[in-house]
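Using the UniProt record's numbering, read the first sequence as starting at 1 and increasing by one per residue.
Ideal Cβ placement from N, Cα and C applies to all residues, glycine included.
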Amino acid sequence: MTEVIRVAVAGPFTDALDYRPPASGPAPVVGGRVRVPLGRRNTVGMVTALPAASDLADDRLRAVTEVLDSAPLLDSATSALIEWAARYYHHPLGEAYLAALPARLRRGQAATPGVETGWRITESGQAAQLERLRRRAPRQSALLEALQRGGTLTAIELAGFSGDARAALRRLVEQGLAETVTAPDYGLLQGLADESGATLNDEQQAGAAAIRPAAGHQAILIDGVTGSGKTEVYLDAIERTIALGRQTLVIVPEIGLTPQLVNRFQRRLSGRIAILHSGLADGERLNAWLAARAGEADVVIGTRSAVFVPLRYPGLIVIDEEHDASLKQQEGFRYSARDLAVLRGYRLDIPVVLGSATPSLESLANTLAGRYACYPLRQRAGGARPPSLQLLDMRGAPTRDGLSQPLIDRVRGHLDAGGQALLFLNRRGFAPTLICHECGWLAECDRCDARYTYHRGRQRLHCHHCDRELPIPRHCPGCGSVDLRALGLGTERIEAALTEAFPDTPPVRIDRDSTRRRGSFEEAMRRAREGETRLILGTQMLAKGHHLPAVTLVAIIDADQGLFGADFRAPERLAQQVIQVAGRAGRADRPGEVIIQTHHPEHPLLQQLLHGGYAAFARTALAEREAAGLPPARAMVLIRAEATAHDAPITFLQAAMQQAPVDADIERLGPYPAPMERRAGRHRAQLMLLADSRSSLQAFLGRWLPALTRLPQARQVRWSVDVDPVEAL
DNA sequence: AGCACGCCGACT
DNA sequence: GTCGGCGTGCTC
């Protein structure tokens, strides 16, 4: 006889809360949801255990209101992973559980799959008077009339109606005149397997052979230069996993989950594919999640949070672009999907494949330590030669809006030869600064320690840190002068310079501003791929776009900003960016050329990339981290604090330091102001902790953090713990 | 995180 | 005289 229902609920609770069983109805199950009273409200929670007794007196327990799942939603392995993650990242348990569930389940809706197949009339719709509706809402009345004739109206039939029939139908459903017809369907993509893969070369073969689905755990790093066919290795392993009747979980960075990737998987694989990402409608997301859990999906492709999706027949986990920072959640529940995926694979005893052209130093360290097997792919498809890197010394070179004359000449050469040129600058807008030429006034955000970016197209000043936007001032607020000038470079400015320099070759710009509209990124990439446009320019987004075989010239407009970043990971990010962008170019008959504009051609990082490629850079960087006692050589945790009051964060962190247990193993730095001290009107500070091992750091946090919560200064700030931060200082 | 309680300013 | 500001404290 169960006495206690232990329930994880959203809120600042480290552990689950105890309840009494419901007065009547089905019994709660571990891994299933219940509705429980919490304070003055009701909330959805996850049952984590059914212990015999509670630490609390019986009369303090309240009863479960309702059992939402009569069977578990989460199996014990998935629950254990979530619990582990909540402890390791020091995040409230209930929040971790709820982060793992699709929105509909979080809200308490039924865990049943369904896809909309059409609409039909309701009783009140049948009785509705068409006449009155006809004048006010002619579209609704036309639809209602059709529905009244009986049967189900399908989406295809709906397309036959004039105007925005979907909106009109939504109105009818809202008024209760029509209802959605759903079929119990997971809405999976059926793999077509109608395209056979390229024959694997020796390197690919070696990597693929190392991946033995469902045959024990092994972590395998596929260190494959761009164009070397990493995806072919995944596809081979996934297809073999499907043949064994096992499921594959593929985790990709946010921006990596493109329709092209999904298409490629669908064309090549034979199984059923489920997609899980934030852009999906709630219903689609629930379907995909349930299909994974039911074992109906053979392949689950998803972003970060997919690492928690339950799998009935797990066989293989793939993490694509494992170096990508977006695999680590940057706020709230700050977990690393990559690290959790490796742990999950270990616990499920299945292989985990990590792939990247520019592996993280963490993964390289794991390879050197023998924890991961490493399979390099150095040959590019079709024997394409690697692009050649060159530095372009900007010192004293005549420039026009950031483009040096030698670079312009080189671009012209490639265009004349029938090639495409790709220019990379990781800064959107026209210019990062607007300055008064008379008095030196700068357009600065009043809520951040940052300057406004001048966006010429939108005619706005925009703060990229807090999103504040202003119209461009006509006069300088300092001296009234009208001579306000744009200082520095952004993609808009490069676009303008290119348009002027190459009037016959209009450039396409690919950044967050130019691709705001749905599908516009894909459209721009298509134009670039199909050669409709021969000058391509953009940010970060380009580094993750698809291969552009006709590109013969890649130019990094400004490498200098990455050379002197304050964050100890800045060099790693620059190196990855350069290599990723460079990888877009070239094919067998036309090797690409990569030009890096810099004022510091002698800089060791650039020299290393130039002569030894990413591998040489990574070796040195690892040695430097080792010498400096930084990750991955040591474990790091940041305690961040922010508040509107200027001194509150530092004061809190100082008090926190006072409370810290004596422990010689823990190195403490700070508290010190965050890299951008003020952001969105809040002052920020942080504290860095380093230790030789994760476990000693975890033990320290376990003894320390509970005391922090009780600190009176804690109420004046918002504070959080970031274990294994990817953005540090 | 919500959501109350509680104790001080500008309004019908 | 109240409506409501957000400081403080609790939720099994």
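Residue of the options minimising C-alpha distance to residue i
| i | options | result |
| --- | --- | --- |
| Tyr-88 | Leu-705, Glu-727, Ala-524 | Leu-705 |
| Arg-718 | Thr-651, Asp-665, Ala-306 | Thr-651 |
| Leu-38 | Phe-13, Ala-274, Gly-488, Pro-432 | Phe-13 |
| Ser-79 | Gly-396, Leu-93, Leu-610 | Leu-93 |
| Val-551 | Gly-419, Thr-117, Arg-427, Pro-113 | Gly-419 |
| Pro-253 | Arg-264, Ala-337, Arg-285, Ala-183 | Ala-337 |
| Gln-190 | Leu-169, Phe-265, Pro-507, Thr-258 | Phe-265 |
| Phe-617 | Leu-574, Thr-154, Val-508, Val-36 | Leu-574 |
| Ala-381 | Arg-410, Ala-292, Arg-590 | Arg-590 |
| Arg-6 | Gly-25, Val-44, Arg-40 | Val-44 |
| Val-36 | Gly-108, Ala-99, Asp-55 | Gly-108 |
| Pro-601 | Pro-26, Leu-172, Ala-100, Leu-392 | Leu-392 |
| Gly-229 | His-546, His-603, Gln-597 | His-546 |
| Asp-202 | Leu-143, Ala-210, Ala-159 | Ala-210 |
Pair within 8 Å by beta-carbon distance, residue i and residue j
| i | j | result |
| --- | --- | --- |
| Glu-492 | His-455 | yes |
| Ser-481 | Glu-444 | no |
| Tyr-97 | Arg-62 | no |
| Tyr-335 | Ala-85 | yes |
| Pro-406 | Ala-585 | no |
| Ile-251 | Ile-156 | no |
| Arg-529 | Leu-553 | no |
| Leu-403 | Ala-497 | yes |
| Thr-358 | Ile-579 | yes |
| Leu-729 | Ala-582 | no |
| Arg-634 | Leu-669 | no |
| Gly-315 | Leu-244 | yes |
| Ala-237 | Pro-213 | yes |
| Gln-608 | Ala-373 | no |
| Gln-597 | Leu-638 | no |
| Arg-268 | Glu-195 | yes |
C-alpha distance - residue i paired with residue j, whole-angstrom precision
| i | j | result |
| --- | --- | --- |
| Glu-131 | Trp-119 | 21 Å |
| Ser-76 | Gly-31 | 7 Å |
| Gly-283 | Gln-148 | 27 Å |
| Arg-304 | Leu-276 | 9 Å |
| Arg-485 | Ala-306 | 47 Å |
| Pro-432 | Gln-330 | 24 Å |
| Gln-140 | Arg-518 | 28 Å |
| Gly-538 | Arg-527 | 14 Å |
| Arg-679 | Pro-473 | 22 Å |
| Leu-74 | Glu-66 | 18 Å |
| His-464 | Gln-577 | 20 Å |
| Pro-351 | Gly-207 | 12 Å |
| Ala-193 | Lys-328 | 33 Å |
| Thr-399 | Ile-494 | 12 Å |
| Asp-349 | Val-662 | 38 Å |
| Leu-235 | Ala-524 | 27 Å |
| Ala-281 | Asp-483 | 49 Å |
| Ser-720 | His-414 | 51 Å |
| Ser-162 | Glu-296 | 38 Å |
For residue i, three-class secondary structure by DSSP
| i | result |
| --- | --- |
| Ser-696 | helix |
| Arg-640 | strand |
| Trp-704 | helix |
| Met-394 | coil |
| Asp-349 | coil |
| Asn-201 | coil |
| Leu-484 | strand |
| Leu-50 | coil |
| Ile-408 | helix |
| Asp-194 | coil |
| residue 737 | A query on residue 737 cannot be resolved here, the shown segment of the chain reaching from 1 to 729 and no further. |
| Ala-431 | strand |
| Asp-15 | coil |
| Arg-62 | strand |
| Tyr-375 | strand |
| Leu-101 | coil |
Could I get the ranges of all uninterrupted alpha helix (DSSP H) runs contained in the region 217–298, with 4 residues as the minimum, in chain order? 230–243, 259–268, 282–294
Residue ranges of each beta strand (DSSP E) within the region 294–328, 3 or longer: 299–302, 314–320
For the region 581–633, which segments carrying the beta strand (DSSP E) assignment without a break, of at least 3 residues, lie completely within its bounds, in sequence order? 593–598
What are the start and end residues of each continuous beta strand (DSSP E) run of 3 or more residues lying completely inside the region 115–178, in chain order? 115–121
Please specify which runs of the beta strand (DSSP E), each continuous and at least 3 residues long, are wholly inside the region 494–569, giving them in chain order. 508–510, 535–538, 551–556
Every unbroken beta strand (DSSP E) inside the region 657–697 [3 residues or more]: 667–679, 682–691
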